[in-house]
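In what follows, a structure is listed as structure tokens, so that the remarks can point back to it.
Chains as they are written, first to last, in the numbering used here: chain A, 1 to 692; chain B, 1 to 298.
Now the structure itself:
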């Protein structure tokens, strides 16, 4: 019992005095929360609907004044409460009074908790009293959409109180820790913010290194989420206002850990070091090396843009190391006299660590680049769709194609290995490339993910990808019926020709259309799936969700789009049967201009001198104009929507006249385009011999 | 009783205290003197429990001082570098002291405020340095300490206030057996008030003795003999000797009676014996070489 009593001992008179001394900080915080959060609500209390987005932003802690207060108040409070430690006179007086060190520390900590929490709790109580149903709205008139989510529910207010308290308490505990290890107020303040953002900052810096040196390093993925979640301040921005249960426990644990570590360090702190930069010797190299590392990185990558090659990068690293090590050393020793044996020794240790780090990255010492997981140990795998997408689903149901069958996981791993074998390097940006992200869910703590740039032909000719795309699992998971749709409400048809834009709003017809799309998708080969040929039409299906697993619940609107390939017989026949003939035929086309490959372009200087005419576009002169219907037909059967090789492809411009019914034919005098001037663009990724 | 035994303390490799011993009797006033940087404030910060020694022990009435609330509640400390809560006035500070010192004497507080003519409602940060010192003294003495630790307590105080401060201290020592440790450079004032003296040099205790004993044991002597004798000072502890013509100037550490007896045996024609003042003892002990002492003492 005695131990317990001594660990948690506090001095009520001291807490009372702290309250008396620092209440203005709490009042200021209260006013910031109140005037920027509660007051606007009171002003518009009769009708809060227009304020719904603001209320939501405030209660999700994305409101700038709230975030400013969260960042400012706990750190300033910690600096004020523990500033007696940073001056030799005050530290002597306070520690000569009838308090133990632990009691002084605990009383300061308890005072801080009250000072930073009270404004949030009071504003939270007011918000709870004011809370009433408020829903967000979008659009006007017929397009008015009302969200089913009550943004001012009590649960939302409780969430705000909880997340805000966690943020300020974690930041306060970090600032208390830095107060114990630093020796003056300025260092306390600066180091607090340095530590609060240190992990995300180091994450960003390491990302820069890994992206530069490690082939396949994935900038996205759950590493980013994990690093941002280390600080509740960055996590709240990342998570959109909510913490998971794990995060809540983790942040509470952080506060307790900081409290315990700070209390231990307070007990060990040498009070005579008041007014030094740092009060613990072990902190000096840490802070100095972090400053040197950040400076080395900054100058290294700054130098890199000055010239090509790694030499500039390394020169920048060297310069940054020297300059920022000196700065760091001066800061931690609070002296300009750092050019001594001890300083040199410390510098050599840092330089050695830096060299090992850079060399380690260069030679991939940990085997990061070559690592492909054993398919048998992978629970599931996924990848994004590079290049042209044929299907798209709205963000509410944005599920990446997850592969769980051993065959598909094996195929993905094999494809991954083939990427490593070929190690594609983009040559002056002349090939059609895209970014591919592969992710494996492995039994360890972290998923494994890699990101590569691959070129189109590598992708299109991959037997492993063909196997995956044509597998039953892939088809099933990407089925149009696998979107948790409750009912299909509308289909919008559109093409890259402006005259084609139709809506089908009868649910039965939309359902029939989706059935045809599904049939075509199920029969589709990999080659058709990844074809660069233009789509016959694009169909956007609007549907309502079932309640299952959807944010916003039942009734939320979802969208999916299908770029209908030219050989999607079922869909195209259904469209034609219902009067939507969207063919582009040779008889509609007046002419096709063909422009040479990129390497044959004239320079910019010449382009501006050539005036715009019907035959000359932006200074580019077509190398050929095709008007022969037979040749036009051949081009229409072969052209693509993207270049594969920029040096060996031809851009084409198709001039056509839309097929209007006589009654629909527009008055060309009042339109931007005349007959035969409607245009669509495309590319021929082959030689022009087929036109001979 | 305050007891410091074999205490060592280093600051980043610099040895501030070296095997230090110090003993302060209950109900006495102990003066700690030493040159600048000798370690007086460091000793005081250890005795008040602010700093933790690297080695040795510091006890008050047999109990270690460090982290000892019971001792600290009975201790008053006025540092050279004063500190009050920002924006507090004397009244607010008194309220805080009252809440943490169980022996707080409200009556004495009001009496002292009146006597020192301090404005209770004025911010302490607006007080002059001397007034701040008076305020610190009022607060500390009103907490009725059994142990009073003072670091340069009369710096910046006018003579009237100094008298008043010493009066309070002496009264409390006499009436309540308060134990006082005081560090000061004002040796004349220390000489008049202290029971014991410790002379500190480079973190070591050079001399520690009752002031009376210290002063009666060390003498400044002028002596001249009709006929110079080789063994005129035999058996005496001559600390310093120089001759000006036939006159010898000496500093001798022995009992007065013995000195008188030995020198009188030689029938001196001139024989003056004076006790050294504390200042002279200090200069003699810490003054350095003989030539420097000659210029200062004689």
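Here a beta-carbon is modelled for each residue, glycine too, at the ideal position from N, C-alpha and C. A quick note: this is a predicted structure, and the numbers were derived from the prediction, not measured.
Residue i: first and last residue of the uninterrupted alpha helix (DSSP H) it sits in
i             : result
residue 127/B : Neither: residue 127/B is in no alpha helix (DSSP H) and is coded neither H nor E.
residue 508/A : 507-523
residue 53/B  : Where residue 53/B is concerned, there is no enclosing alpha helix (DSSP H), given that its DSSP letter is neither H nor E.
residue 17/A  : 12-33
residue 96/B  : 90-100
residue 119/A : 101-130
Identity of the residue in the options nearest residue i by Cα
i             : options                       : result
residue 497/A : 623/A, 62/A, 582/A and 526/A  : 582/A
residue 511/A : 494/A, 544/A and 501/A        : 544/A
residue 745/A : 105/A, 115/A, 329/A and 378/A : Only positions 1 to 692 of chain A appear in the structure, and residue 745/A is not among them; the question remains open.
residue 54/B  : 284/B, 257/B and 18/B         : 18/B
residue 195/A : 162/A, 118/A and 287/A        : 287/A
residue 46/B  : 165/B, 203/B, 161/B and 187/B : 203/B
residue 522/A : 451/A, 11/A, 44/A and 475/A   : 475/A
residue 452/A : 126/A, 173/A and 217/A        : 217/A
residue 269/A : 189/A, 347/A and 101/A        : 101/A
residue 298/A : 318/A, 279/A and 284/A        : 318/A
residue 100/B : 469/A, 55/A and 14/A          : 14/A
residue 296/A : 353/A, 69/A and 233/A         : 353/A
residue 27/A  : 86/A, 103/A, 118/A and 163/A  : 118/A
residue 469/A : 526/A, 456/A, 504/A and 442/A : 526/A
residue 518/A : 301/A, 541/A and 504/A        : 541/A
DSSP state of residue i mapped onto helix, strand, coil
i             : result
residue 590/A : strand
residue 395/A : With a pLDDT of 46 at residue 395/A, under the threshold of 50, the modelled position of this residue cannot be trusted; read the value that follows with caution. Helix.
residue 70/A  : helix
residue 300/B : Residue 300/B cannot be examined here, being either before or after the span of chain B that is shown, 1 to 298.
residue 481/A : coil
residue 527/A : helix
residue 231/A : coil
residue 60/A  : coil
residue 24/B  : strand
residue 202/B : coil
residue 285/B : helix
residue 499/A : coil
residue 6/B   : strand
residue 416/A : helix
residue 53/A  : helix
residue 41/B  : helix
residue 177/B : coil
residue 382/A : strand
residue 14/B  : strand
residue 679/A : strand
Extent of the continuous beta strand (DSSP E) run through residue i
i             : result
residue 94/A  : Counting along the chain, residue 94/A falls outside any beta strand (DSSP E), though it belongs to the alpha helix (DSSP H) covering 88-96.
residue 651/A : 650-656
residue 644/A : No beta strand (DSSP E) contains residue 644/A, which DSSP labels as neither H nor E.
residue 247/B : 247-253
residue 312/A : Not the beta strand (DSSP E): residue 312/A falls in the alpha helix (DSSP H), residues 310-333.
residue 564/A : 557-564
Give, in chain order, every residue of the segment 319-350 of chain A whose Cβ lies closer than 7 angstroms to some Cβ of chain B. none
Item checked: Three CB pairs or more closer than 8 angstroms across the segment 371-385 of chain A and the segment 431-438 of chain A -> yes
### Task
May I ask you to verify whether the segment 82-91 of chain B touches the segment 14-25 of chain A, counting CB pairs closer than 8 angstroms and requiring at least 3?
yes
**Message:** If the cut-off is 9 angstroms on Cβ atoms, which residues from the segment 147-161 of chain A count as contacting chain B, listed in chain order?
**Reply:** none
Take every Cβ of the segment 129-137 of chain B, pair it with every Cβ of the segment 153-160 of chain B, and state whether three or more of those distances are shorter than 8 angstroms.
-> yes
Quiz item: Between the segment 60-94 of chain A and chain B, which residues of the former have CB atoms less than 7 angstroms from a CB of the latter, in chain order?
Solution: 88, 89, 90, 92 and 93
*Quick one: any contact between the segment 212-221 of chain B and the segment 248-256 of chain B, if contact means 3 or more CB pairs under 8 angstroms?*
yes
* Do the segment 172-187 of chain B and the segment 106-125 of chain B touch if we need at least three Cβ pairs shorter than 8 angstroms? -> no
* Are the segment 412-424 of chain A and the segment 463-471 of chain A touching by the rule of at least three beta carbon pairs closer than 8 angstroms? -> yes
(Q) Short of 8 angstroms Cβ to Cβ, which residues in the segment 56-83 of chain B face chain A? (A) 67, 69, 72, 73, 75, 77, 79, 81, 82 and 83
Meets three-Cβ-pair contact criterion under 8 angstroms: the segment 108-118 of chain A and the segment 21-41 of chain A:
yes
Along the segment 178-195 of chain B, what residues have a CB closer than 9 angstroms to any CB found in chain A?
none
| request: Determine which residues of the segment 13-43 of chain B have a Cβ less than 7 angstroms from any Cβ of chain A, and write them out in chain order. | output: none
Q. Is the segment 20-36 of chain B touching the segment 527-537 of chain A, taking contact as three or more C-beta pairs under 8 angstroms?
A. no
With three or more beta-carbon pairs closer than 8 angstroms as the criterion, would you say the segment 158-173 of chain A touches the segment 248-255 of chain A? yes
- With 7 angstroms as the C-beta to C-beta threshold (strictly closer), list the residues of the segment 132-143 of chain B near chain A in chain order. none
Check: Between the segment 98-130 of chain A and chain B, which residues of the former have a C-beta closer than 9 angstroms to a C-beta of the latter?
Finding: 98, 99, 100, 101, 102 and 103
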